[in-house]
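Asker: Okay, handing you the structure first.
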């Protein structure tokens with residue numbers, strides 16, 4: 002069945018698009034970099050599409066369960082480092098998000114190795130990803146005032162969601178029960 006390959010192909014597309022994003026952004030940075038913004042927007046749509054397709058047609062895979070969340074974190078880290086390197090955003094703004102994602106990557110790898118499962122995704126995590134991604138897009142297209150507002154709200158939500166993940170996992174660990182896998 003052809004559809005079973007689509008979600009993983011979209012995940013690989015997102016992962017392999019990162020060097021192209023950096024290159025496209027470097028051509029125009031720190032001014033509006035529309036080609037980079039469009040690529041990042043398409044990558045974001047592919048993230049939504051791969052999850053929807055995998056669940057809708059029941060074509061989830063071990064590869065997708067492992068690589069998709071890794072790719073999501075790597076996209077945010079790469080984009081924020083790129084914006085910092087080109088002077089679009091200062092380190093004090095990007096570092097908390099980068100550290101949160103690095104911690105989630107490490108914790109996720111440990112949990113996956115111990116249980117063979119990834120943690121449940123919180124709705125607060127999905128919503129914060131969405132808001133933060135829009136804030137980043139506004140910086141990429143050089144609409145900085147809106148970018149600061151949306152990024153600030155998204156970053157606060159993103160850090161709060163990270164704390165919620167940590168609290169949940171810590172509580173499960175204290176009770177001696179492994180957290181449930183995503184349904």
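In our numbering, the protein residues as written are 2 to 184.
No residue lacks a Cβ here, since even glycine has one placed at the ideal position from N, Cα and C.
Only a predicted model underlies this, so the values are computations on that prediction, with no experimental measurement involved.
#1: Around the Cβ of residue 171, are there at least 16 other Cβ atoms within 10 angstroms (buried) or fewer (exposed)?
#2: Given residue 38, which residues of its chain have a CB within under 8 Å of its CB, disregarding the five upstream and five downstream residues?
#3: Can you check the stretch 127–175 for any alpha helix (DSSP H) of at least 4 residues that lies completely inside it and give the ranges in chain order?
#4: Looking at residue 58 and residue 4, is the spacing between their C-beta atoms short of 9 Å?
#5: Does the stretch 46–66 come into contact with the stretch 79–90, if we say contact requires no fewer than three beta-carbon pairs (one atom in each stretch) closer than 8 Å?
#6: If you draw a straight line from the alpha carbon of residue 187 to that of residue 46, how long is it in whole angstroms?
#7: Which same chain residues, not among the five before or five after residue 184, have their C-beta less than 7 Å away from its C-beta?
#8: Within 9 Å of any Cβ in chain C, is that where the Cβ of residue 5 sits?
#9: Please report the straight-line C-alpha distance between residue 6 and residue 101, rounded to a whole angstrom.
#10: Measure the C-alpha to C-alpha separation of residue 33 and residue 23 and round it to an integer number of angstroms.
#11: Do you know how far the Cα of residue 108 is from the Cα of residue 176?
#12: Run the CB neighbour count on residue 8, radius 10 Å, all protein chains shown included, and call it buried at 16 or more, exposed below.
#13: Quick test of your reading: residue 82 and residue 99, contact by CB under 8 Å. State the CB separation rounded to the nearest angstrom.
#14: Count the other C-beta atoms from every protein chain shown that fall within 10 angstroms of the C-beta of residue 21, then say buried if there are 16 or more, exposed otherwise.
#15: Quick test of your reading: residue 166 and residue 123, contact by CB under 8 Å. State the CB separation rounded to the nearest angstrom.
Answerer: Per the coordinate set shown:
#1: Numbered from its first residue, the chain shown carries residue 171 at position 170. By the 10 Å Cβ count, residue 171 comes out exposed.
#2: Counting from one through the chain shown, the residue named residue 38 turns up at place 37. Counting only Cβ-Cβ distances below 8 Å, and skipping sequence neighbours, we find 138, 141, 142.
#3: Runs found: 145–175.
#4: Against the chain shown, residue 4 aligns to sequence position 3. Against the chain shown, residue 58 aligns to sequence position 57. The beta carbons of residue 4 and residue 58 sit closer together than 9 Å.
#5: Using a Cβ-Cβ distance cut-off of 8 Å, the stretch 46–66 and the stretch 79–90 are not in contact, since fewer than three pairs of beta carbons, one from each stretch, lie closer than that value.
#6: The shown model of the chain, from 2 to 184, leaves out residue 187, and the question about it has no answer.
#7: Taking the chain shown and counting its residues from 1, one reaches residue 184 at position 183. Low confidence applies to residue 184: its pLDDT is 35, below 50, so where it sits in the model is not reliable, and the reading given next is rough at best. Cβ within range, chain order: n/a, list empty.
#8: The chain labelled as chain C is not found in the depicted structure, where only one protein chain is given.
#9: Start at 1 with the first residue of the chain shown, and residue 6 comes out as number 5. Start at 1 with the first residue of the chain shown, and residue 101 comes out as number 100. The straight-line gap separating the alpha-carbon atoms of residue 6 and residue 101 is approximately 31 Å.
#10: The count along the chain shown starts at 1 and reaches residue 33 at position 32. The count along the chain shown starts at 1 and reaches residue 23 at position 22. For residue 33 and residue 23, the distance between alpha carbons rounds to 14 Å.
#11: Residue 176 sits at position 175 when you count from the first residue of the chain shown. Residue 108 sits at position 107 when you count from the first residue of the chain shown. Within the model, the alpha-carbon separation for residue 176 versus residue 108 is close to 18 Å.
#12: For the purposes of this step, residue 8 is taken as the residue at position 7 of the chain shown. Within 10 angstroms of the beta-carbon of residue 8 lie 16 or more other beta-carbons, which makes it buried.
#13: Working through the chain shown from its first residue, we reach residue 82 at position 81. Working through the chain shown from its first residue, we reach residue 99 at position 98. Contact holds; Cβ gap of about 7 Å.
#14: The residue you call residue 21 lines up with position 20 of the chain shown. It is exposed - the Cβ of residue 21 has fewer than 16 other Cβ atoms within 10 Å.
#15: By 1-based counting over the chain shown, the position of residue 166 is 165. By 1-based counting over the chain shown, the position of residue 123 is 122. Residue 166 to residue 123, Cβ: 7 Å. Contact.
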